[in-house]
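Listed in order, the protein sequences are those of chains A and B. Under the UniProt record's numbering, the first residue of the first sequence is numbered 1, with each subsequent residue one higher. Under the UniProt record's numbering, the first residue of the second sequence is numbered 1, with each subsequent residue one higher. In this text, a Cβ means the ideal position worked out from N, Cα and C, and glycines have one as well. Quantities reported herein were computed from a predicted structural model and do not represent experimental measurements.
There are 2 protein chains.
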Amino acid sequence: MLKEWEKSEKPSEEEIKARLEAVKEKLARQQLLIKEKKVPVLVVLEGWGTAGKGYAIGQIIQNIDPRFFKVVSMQKKTEDDKRKPFLYRHFVKIPEAGQFVFLDTAWMDEITEERLHGTISEDVYANRIESVRRFERQLTDNGYLVMKFFLHISKKEQSRRIAQLEHQKDTTWRVSKKDLWQNEHYEKCMDVFSGYLKNTNMPSAPWYIIDAKSRKWTEVQILETLTQGIEIALSNHQMVVPLLQNVFPLKKMPLLCDIPLDKCMEEDVYKKELKQLQQRLGELHNRLYRKKVPVIIAYEGWDAAGKGGNIKRITGALDPRGYEVHPIASPEPHEKARHYLWRFWTRLPRTGHIAIFDRTWYGRVMVERLEGFCSENDWMRAYNEINEFEKELHDWGAVIIKFWVQIDKDTQLARFTDRQNTPEKQWKITEEDWRNRDKWDAYEGAVNEMIQKTSTTYAPWHILESVDKKYARIKALRIVIAELEKVLD
Amino acid sequence: MLKEWEKSEKPSEEEIKARLEAVKEKLARQQLLIKEKKVPVLVVLEGWGTAGKGYAIGQIIQNIDPRFFKVVSMQKKTEDDKRKPFLYRHFVKIPEAGQFVFLDTAWMDEITEERLHGTISEDVYANRIESVRRFERQLTDNGYLVMKFFLHISKKEQSRRIAQLEHQKDTTWRVSKKDLWQNEHYEKCMDVFSGYLKNTNMPSAPWYIIDAKSRKWTEVQILETLTQGIEIALSNHQMVVPLLQNVFPLKKMPLLCDIPLDKCMEEDVYKKELKQLQQRLGELHNRLYRKKVPVIIAYEGWDAAGKGGNIKRITGALDPRGYEVHPIASPEPHEKARHYLWRFWTRLPRTGHIAIFDRTWYGRVMVERLEGFCSENDWMRAYNEINEFEKELHDWGAVIIKFWVQIDKDTQLARFTDRQNTPEKQWKITEEDWRNRDKWDAYEGAVNEMIQKTSTTYAPWHILESVDKKYARIKALRIVIAELEKVLD
Chain A
1 MLKEWEKSEK PSEEEIKARL EAVKEKLARQ QLLIKEKKVP VLVVLEGWGT AGKGYAIGQI
61 IQNIDPRFFK VVSMQKKTED DKRKPFLYRH FVKIPEAGQF VFLDTAWMDE ITEERLHGTI
121 SEDVYANRIE SVRRFERQLT DNGYLVMKFF LHISKKEQSR RIAQLEHQKD TTWRVSKKDL
181 WQNEHYEKCM DVFSGYLKNT NMPSAPWYII DAKSRKWTEV QILETLTQGI EIALSNHQMV
241 VPLLQNVFPL KKMPLLCDIP LDKCMEEDVY KKELKQLQQR LGELHNRLYR KKVPVIIAYE
301 GWDAAGKGGN IKRITGALDP RGYEVHPIAS PEPHEKARHY LWRFWTRLPR TGHIAIFDRT
361 WYGRVMVERL EGFCSENDWM RAYNEINEFE KELHDWGAVI IKFWVQIDKD TQLARFTDRQ
421 NTPEKQWKIT EEDWRNRDKW DAYEGAVNEM IQKTSTTYAP WHILESVDKK YARIKALRIV
481 IAELEKVLD
Chain B
1 MLKEWEKSEK PSEEEIKARL EAVKEKLARQ QLLIKEKKVP VLVVLEGWGT AGKGYAIGQI
61 IQNIDPRFFK VVSMQKKTED DKRKPFLYRH FVKIPEAGQF VFLDTAWMDE ITEERLHGTI
121 SEDVYANRIE SVRRFERQLT DNGYLVMKFF LHISKKEQSR RIAQLEHQKD TTWRVSKKDL
181 WQNEHYEKCM DVFSGYLKNT NMPSAPWYII DAKSRKWTEV QILETLTQGI EIALSNHQMV
241 VPLLQNVFPL KKMPLLCDIP LDKCMEEDVY KKELKQLQQR LGELHNRLYR KKVPVIIAYE
301 GWDAAGKGGN IKRITGALDP RGYEVHPIAS PEPHEKARHY LWRFWTRLPR TGHIAIFDRT
361 WYGRVMVERL EGFCSENDWM RAYNEINEFE KELHDWGAVI IKFWVQIDKD TQLARFTDRQ
421 NTPEKQWKIT EEDWRNRDKW DAYEGAVNEM IQKTSTTYAP WHILESVDKK YARIKALRIV
481 IAELEKVLD
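Next comes the structure, spelled out in C-alpha cells:
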C-alpha cells in the first residue's frame, strides 16, 4: 500500500499557515462535542523512525484541553505483558467515552518488528492480523472513532534526520538502534510496512498515509483528516452497525427446559469424592503453574443457584498465590465509559494462573439486554464479539471453562425464602433478586439464545444441575479436572 | 524481637479443633460488619521461606466471601516499579473500604532482602524504615486496620520442609533459591528479621509472631489475632486520631492579602521571552529524560485564575512522550474508597518523566475541608501527611514544584462574566464556580493556612501573580527552569 502511494503536492507556506489556523480552531470546537456526545477517539500514529510522530502529537494536543486527552507512548513489553494475550496491553489503553487517546506507535509497530526480525512465524503473523482486524472492528462497531496515521519519509530523508540528531549531544539519545536498523534495511521495512497497511486497511478504520517531510505540512494533513473523521463520527453517532455472521464452529446445546434436574448425590459419596477431586485439582494447579497455562473459569446462573458455594469448592483446592476470583457487579463509571469487554481484559490472568469470574461478560446478552442498558443492535452484535474475545483467549493458549448453574423456579423460591428467614443469610438477598425473579421467562429465553450462540467448540458451555448443590459441585470439579488434564497430559 | 520471643505451649488437637471452629464462625460474621462499616483491612503475612504463608492465606480466605477480599502475592519488581518510589508498588495495593487485602509477603520482605544482600546502605535502610513507619501510620490514622504476622519456624524445621518439598517432582519448584540461602544463613537472617520487626513494631500496627510449626495451630493463632484486631477496629471506628507535630523544616510565606497583584508584562516582551524560555525548557526536558529525574508540578489556584493557560505554556515546550497532565476532579468511587493519597500515588511519573497536576492532593485541606467531605481531624492531620508524602517523593529524587495561581476577587468576577457571555467559553463556567466564589473568604483562610503549613524547604509553594496572565506564565516557566537547572547542572 505504501509502495503504490503517491504524495500530493505540498501547498505554499502561506496556504499551509492559513489552513493550519482554520483546522486548529475546528478541532478546538470539536473537542467539546466529543465530550458532550461521549465519543471515544483513538488516534494511532505509526511511521518511520525519526518521521516526527512525537512532535506531531505534541502539536496536535496543544489544541485540546488536558482534561480531554491522554498520550500513551509504546513501552518495552514488561514481564507481565509477556504473560498476557498479545492484545492485552493495547486493549487496556483504549479511551473512555468523550476522550481522546493518542498512541505514539502501537500494535502495528509491535507486529511489524516481530515480522522483520523473524520472531514470529507466518502463521502467527496471519493470526495477529486477524486479531487486529477484529479488535479495531469491535472498537468502531462499539462507537469508537479509530484514526490511523502512517508518517512516511524517504530513505534519504531518514538518513539526513539521523545524522542531524546524532550531531547534538542532547538529541543523540533520540536515535535508537531501531532507527539505524530501519535505515539500513529500508526496502525490507517498506515491504513489511506496506503489507501490514494493506492487510489492516478497513473501511471503518482506514489508514492515512502522511507525507512527513515538512513539519507544518504534516500537522495540516493529520489535523484535517482527523477533524473530518470526527465530523463523520459525530453525525454517525447513533448509527446501527451491521451484524456479522459468526464464523466460529458451534456445538449443539440443549434448551434449559429439556435439562433433567433430578440429579443428586449422597452425603458420604459427596464427601469422599470431594476430597479426592480437590486433591487431584491441587496437583494439576501445580503443574499448570509450571507449564504456564492460563485458565479462565466463568460462572453464570440463576440467583441462588449456588454459584458461590460451587466456586468455593474449586478454590478450596487451589494455592491462593495462583488464582483470583473476580466477582462482577455493575460496572464502575470508568468501566462503563469504555468498551464493555474492557473490564474483563483488565482482569485477565497471567499465564500459569487461574481467573474465576463470578458473573461475566455474558451480562451483555442477559441483564444489559433485558434491562435496556444497551441497544438491541449492541446485544445482538455481542454474541459474535464474545466468540471473538474467547477465540483470542483460546489462541493465546488459555483453557476456557464456562458454567451455567441451573435450577428451576421452585427451587429458587425455596432458597430465597430461606435466605429471607435466616438472619446471617439476609445480606445475600435483595429487592433486585425478587425483581429479576419476576422476569424469569424473559431471562430463560435470553439464556437459551446465549447458550446456543456462544457454545463454540473451543469454549463450550457446561450445564451444572444444581438443585442438589453437592451434585453440581462434584460435576464442576470433574469438568475442570478433565479440561486441565487435556492440556497438561 | 524475634530472638527474645518465646513460643507458648501448643494446645491439644481437640482444643485446636474447637477453637478453629469458633474463630472461623466469628470471622464469617465479622466480614459483614467490615463491609457495612466500610473498614479497610490489610493483612500482611511475612515469615521464613516454607513457613506456610500461602497455605495459611488459603485457609483464612475460605471463611470470607470472594466479593470481600483480594490476595496479592509479591512479584519481582517490574521495570516500571524500579522507576517509581520504593513505596509505590505497595501503596497502590491497599484495600478499599469494606474489603480485605491479604499480602503474601510485602515491604518487609523487600527491605530485608536488600539488607541481607547489601544492595542498600545503612542510610538507605534507615530511610526505608522511616518510610514504612510513616506509611503504616498514615494507613491506620486514616481508618485502616493493618495486621502484620510473622510466621516463625526453626532452622531445623525449615531444613526438614525443604527436603520434603524437594523430594516430590510437583513440589520441587516451590523451593526457591531464597529458601535455600535463608536456611544456610539462618542466624544472619534471624538478626536482620529481628531488627526489622523491632524497628517497625508500632502501637497502631504491631507485629504478631506466629509459631508456624503446625498448620492447624498456625491457622488458629492467626485467625484469633485477626478477629481480635477486627473487633477493636470496629469499635474504634469513629475514633479521633492524635495530630502529629510536623517535623519538616518550613519556609516563611506571605499571606495572600499581602501579595501585590499589579505585576504585568508587555505583549512583545512576553512573546520574546516565551519563545526563549520554552526552548530552554525543551532542552532541559531532554536532559532530565536522560538523567532519569522525575518531576512533579502541582497547580492550585482560584477558579479562572488561568491555570489551564499557564500549564499549556509549560507543556508547549515538552515532548509529549515525556510528560502527562493529570486533571484532578472529584474522586471516582473506587478512589474515594481508599486513602485520599492513593489516587495520586497511582499517577506518579516514572523517573525521567514530568507529571503535571491540574489541582492536587491539596484538595484535602481546601474543598474537602470546607465542604465537609472529611472530618476536622482528617484535614488537620493532612498537613503533616502531605508533607510526609512530598518528603517521600523528594527522597526518591523527584523535583517538586508547587504553584498557587493568585488573582483578586474582582478579576475573578470579570473573567466569570466573560466566560458566561462568550459561547465557546461557557463550558468552562458552572454553577459550582459561583457557589465557590461565595465562599471566597473561607477559602482564603484555608489557602493561607495550607501555604504556611506545607511550604517545606524541599517542596515550597510558589505564588504566581496572575491578574496579568502573561506575567504569570513567564514566571512559572522561569521557576520550572530554575528548579530543573538546580538538579541538572
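Could you give the DSSP three-state label for B/PRO320: helix, strand or coil?
Sequence index remark: in the second sequence, residue 320 of chain B carries index 320 (1-based). It is helical.
Which stretch, first to last residue, makes up the beta strand (DSSP E) that contains A/ALA298?
As a first step, residue 298 of chain A is located in the first sequence; it is residue number 298 there, counting from the start. Segment 295-301, the beta strand (DSSP E) holding A/ALA298.
When the Cα of A/ILE64 is compared with those of A/VAL480, A/VAL367, A/LEU226, which residue comes out closest?
As a first step, residue 64 of chain A must be located in the first sequence, where it is residue number 64. Of the candidates A/VAL480, A/VAL367, A/LEU226, the residue whose Cα lies closest to the Cα of A/ILE64 is A/LEU226.
So which residues of chain B does A/THR171 contact, with C-beta pairs closer than 8 Å?
Within the first sequence, numbered from 1, the residue matching residue 171 of chain A stands at position 171. Those are ASN286, listed as they occur along chain B.
Measure the alpha-carbon distance for B/LEU413 versus A/ALA233 and round it to whole angstroms.
As a position in the second sequence, residue 413 of chain B is number 413, starting the count at 1. As a position in the first sequence, residue 233 of chain A is number 233, starting the count at 1. B/LEU413 and A/ALA233: Cα-Cα distance of roughly 38 Å.
Which residues in the same chain have their Cβ closer than 8 Å to the Cβ of A/ASN201, if we skip the five residues on either side of it in sequence?
Counting from one through the first sequence, the residue named residue 201 of chain A turns up at place 201. Hits under 8 Å: MET1, TRP207.
Beta carbon of B/ILE328, beta carbon of B/PHE357: below 9 Å?
The sequence position of residue 328 of chain B within the second sequence is 328, counting from 1. The sequence position of residue 357 of chain B within the second sequence is 357, counting from 1. Yes. Within cutoff.
Starting from B/ASP80, find everything on chain A with Cβ-Cβ shorter than 7 Å and list it in chain order.
Stepping through the second sequence from its first residue, residue 80 of chain B is reached at position 80. Correct list: THR78.
Whose Cβ in chain A lies nearer than 8 Å to the Cβ of B/TRP181?
As a first step, residue 181 of chain B is located in the second sequence; it is residue number 181 there, counting from the start. The contacting residues do not exist; B/TRP181 stays about 20 Å from chain A at best.
Using a C-beta to C-beta distance shorter than 8 Å, which residues of chain A count as neighbours of B/VAL71?
Indexing the second sequence from 1 puts residue 71 of chain B at position 71. Going along chain A in sequence order, the residues near B/VAL71 (Cβ under 8 Å) are PRO320, ARG321, GLU324.
Let's see if you can read the secondary structure: which residues bound the beta strand (DSSP E) around A/GLN75?
As a first step, residue 75 of chain A is located in the first sequence; it is residue number 75 there, counting from the start. Element bounds for A/GLN75: n/a, residue is neither H nor E.
Give the interface partners of B/ARG67 over in chain A, defined as CB-CB distance under 7 Å, in chain order.
Mapped onto the second sequence, residue 67 of chain B falls at position 67. Within chain A, the residues near B/ARG67 are PRO327.
Compare the beta carbon distance of B/ALA472 and B/GLU483 with 9 Å and say whether it is the shorter of the two.
As a first step, residue 472 of chain B is located in the second sequence; it is residue number 472 there, counting from the start. As a first step, residue 483 of chain B is located in the second sequence; it is residue number 483 there, counting from the start. Taking 9 Å as the Cβ cut-off, B/ALA472 and B/GLU483 do not qualify as a contacting pair.
With 16 other CB atoms within 10 Å as the buried threshold, where does B/GLU21 fall?
Reading the second sequence from its first residue, position 21 is the one you call residue 21 of chain B. Note on B/GLU21: under 16 other CB atoms within 10 angstroms of its CB, so exposed under the neighbour-count rule.
Cβ shell of A/SER194 (< 7 Å), same chain only, five flanking positions each side left out
Along the first sequence, read from residue 1 onward, the residue named residue 194 of chain A stands at position 194. Hits under 7 Å: MET1, LEU2, LYS3.
Segment contact flag, the segment 341-348 of chain A with the segment 414-432 of chain A, C-beta cutoff 8 Å, min 3 pairs
no
Across which residues does DSSP place B/PHE357 in a beta bridge pair?
Along the second sequence, read from residue 1 onward, the residue named residue 357 of chain B stands at position 357. Paired residues: B/ALA298, B/HIS326.
With 16 other Cβ atoms within 10 Å as the buried cut-off, status of B/ASN236
Mapped onto the second sequence, residue 236 of chain B falls at position 236. B/ASN236 comes out exposed.
Taking the continuous alpha helix (DSSP H) assigned at A/ILE64, which residues delimit it?
As a first step, residue 64 of chain A is located in the first sequence; it is residue number 64 there, counting from the start. Run containing A/ILE64: none; DSSP gives neither H nor E here.
Taking only the alpha-carbon atoms, compute the straight-line gap between B/MET265 and B/GLU485 and give it to the nearest angstrom.
Here residue 265 of chain B is taken as the residue at index 265 of the second sequence, counted from 1. Here residue 485 of chain B is taken as the residue at index 485 of the second sequence, counted from 1. Whole-angstrom Cα-Cα distance: 24 Å.
Closest to A/THR430 by C-alpha separation, out of A/ALA459, A/HIS152, A/ASP303, A/THR457, would be which residue?
Position 430 of the first sequence, counted from the first residue, corresponds to residue 430 of chain A. A/THR430 has its Cα closest to that of A/ASP303, out of A/ALA459, A/HIS152, A/ASP303, A/THR457.
Would you mind sorting A/GLY118 into buried or exposed? The rule is 16 or more other CB atoms within 10 Å of its CB.
In the first sequence, the residue the question calls residue 118 of chain A occupies position 118. Exposed, since its Cβ has fewer than 16 Cβ neighbours within 10 Å.
Give every residue of the same chain whose Cβ lies closer than 6 Å to the Cβ of B/MET147, excluding the five residues on either side of it in the sequence, and list them in chain order.
To locate residue 147 of chain B, count along the second sequence from 1; it is residue 147. For B/MET147, where only same-chain residues beyond five positions count, the Cβ hits under 6 Å are VAL43, LEU226, GLY229.
Simplified DSSP state of A/ILE400, which is helix, strand or coil
Walking along the first sequence from the start, residue 400 of chain A turns up at place 400. Here A/ILE400 sits in strand by DSSP.
Between the CA atoms of A/GLU130 and A/ASN199 - distance to the nearest angstrom:
Within the first sequence, the letter at position 199 stands for residue 199 of chain A. Within the first sequence, the letter at position 130 stands for residue 130 of chain A. If you take the alpha carbons of A/ASN199 and A/GLU130, they lie about 9 Å apart.
Can you list, in chain order, the residues of its chain with a C-beta nearer than 6 Å to that of A/PRO242? Leave out the 5 residues immediately preceding and following it.
Taking the first sequence and counting its residues from 1, one reaches residue 242 of chain A at position 242. Same-chain partners within the cutoff: there are none.
Step through the CB atoms of chain B and report whether any lies within less than 9 Å of the CB of A/ARG174.
Reading the first sequence from its first residue, position 174 is the one you call residue 174 of chain A. Chain B contact via Cβ: present.
Rounded distance between the beta-carbons of A/LEU250 and A/SER121, thought under 8 Å:
Sequence index remark: in the first sequence, residue 121 of chain A carries index 121 (1-based). Sequence index remark: in the first sequence, residue 250 of chain A carries index 250 (1-based). About 29 Å separates the CB atoms of A/SER121 and A/LEU250; that is not less than 8 Å, and the two are not in contact.
Looking at chain B, is there any beta carbon in it that lies within less than 9 Å of the beta carbon of A/ALA28?
On the first sequence, residue 28 of chain A is found 28 positions in, with the first residue counted as 1. A/ALA28 counts as touching chain B.
Using 9 Å as the limit for Cβ to Cβ distance, is A/PRO95 near chain B?
Indexing the first sequence from 1 puts residue 95 of chain A at position 95. So no, A/PRO95 is outside the interface.
Assuming contact is defined by CB atoms lying nearer than 9 Å, are A/ALA305 and A/ILE407 in contact in what I supplied?
Residue 305 of chain A sits at position 305 when you count from the first residue of the first sequence. Residue 407 of chain A sits at position 407 when you count from the first residue of the first sequence. Yes; because the gap between Cβ atoms is below 9 Å, this pair is in contact.
Do A/ILE209 and A/TRP5 come within 9 Å of each other at the CB atom, strictly closer than that value?
Numbered from its first residue, the first sequence carries residue 5 of chain A at position 5. Numbered from its first residue, the first sequence carries residue 209 of chain A at position 209. A contact, by the Cβ cut-off of 9 Å.
Does the beta carbon of B/THR411 sit closer than 9 Å to a beta carbon anywhere in chain A?
In the second sequence, counting from the first residue as 1, residue 411 of chain B sits at position 411. Cβ-Cβ to chain A under 9 Å: no for B/THR411.
Would you mind stating whether A/GLU136 and A/ALA205 have Cβ atoms separated by less than 9 Å?
Taking the first sequence and counting its residues from 1, the one referred to as residue 136 of chain A is at position 136. Taking the first sequence and counting its residues from 1, the one referred to as residue 205 of chain A is at position 205. The answer is yes: Cβ separation under 9 Å.
Between the Cα of B/HIS152 and those of B/PRO203, B/ARG215, B/GLU224, spot the shortest distance and give me the residue it belongs to.
Here residue 152 of chain B refers to the residue found at position 152 of the second sequence. Closest option to B/HIS152, Cα to Cα, is B/ARG215.
Run the CB neighbour count on A/PRO294, radius 10 Å, all protein chains shown included, and call it buried at 16 or more, exposed below.
Here residue 294 of chain A refers to the residue found at position 294 of the first sequence. So A/PRO294 counts as buried.
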